[in-house]
Amino acid sequence: MKEGAALTVALHLPVLNAVAAVLLGAGYGFVLTYSLGEVARLARPGELAGLTAAAYALIYVGMFMPPVLARLQHLAGLPYLFCGLARLATCALLSTFRALPGPSPAHRA
Numbered sequence: 741m742k743e744g745a746a747l748t749v750a751l752h753l754p755v756l757n758a759v760a761a762v763l764l765g766a767g768y769g770f771v772l773t774y775s776l777g778e779v780a781r782l783a784r785p786g787e788l789a790g791l792t793a794a795a796y797a798l799i800y801v802g803m804f805m806p807p808v809l810a811r812l813q814h815l816a817g818l819p820y821l822f823c824g825l826a827r828l829a830t831c832a833l834l835s836t837f838r839a840l841p842g843p844s845p846a847h848r849a
């Protein structure tokens with residue numbers, strides 16, 4: 741979608757640029773709203789403020805990744821950068837699964 745927004749600017753199509761901006765803004769808004777709703781649902785009493793701050797930090801990191809990748813693409817091509825990000829995400833997922841508590845002895849048969 742972001743490529744489409746850039747294309748509307750390059751082709752001097754301000755109406756389509758406005759439509760792309762509205763769609764991208766709505767997408768970011770939905771992500772923010774859903775994420776904060778999940779944080780509120782999962783937070784224990786007394787944890788909401790800290791978890792909300794962490795969620796905002798991660799959301800902003802995600803929003804700033806496209807310009808960061810654009811600036812770093814001269815170091816390595818975008819496919820290599822995406823592979824590196826995929827590896828980092830996989831490591832984060834695996835470490836999360838390892839940190840989860842195992843089944844309780846009562847559930848083992």
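The numbers in the sequence shown follow our numbering, run straight up by one, and end at 849.
Where is the CB? At the ideal position from N, CA and C, for every residue including glycine.
Keep in mind that this is a model prediction, so the values were computed, not measured.
One alpha carbon belongs to Arg827, the other to Leu833, and they sit about 10 Å apart. CA-CA distance, Leu772 to Ala766, rounds to 10 Å.
With fewer than 16 other CB atoms across the displayed protein chains lying within 10 angstroms of its CB, Ala780 is exposed. A direct Cα-to-Cα measurement between Ala760 and Phe804 gives close to 18 Å. Separation of Tyr800 and Leu821 (C-alpha to C-alpha, rounded to the nearest whole angstrom) is 19 Å. Under the three-state reduction of DSSP, Gly824 is assigned to helix. Look at Leu812 here: in three-state DSSP terms it is helix. One alpha carbon belongs to Ala816, the other to Gly786, and they sit about 44 Å apart. CA-to-CA, the gap between Thr836 and Thr792 works out to about 19 Å.
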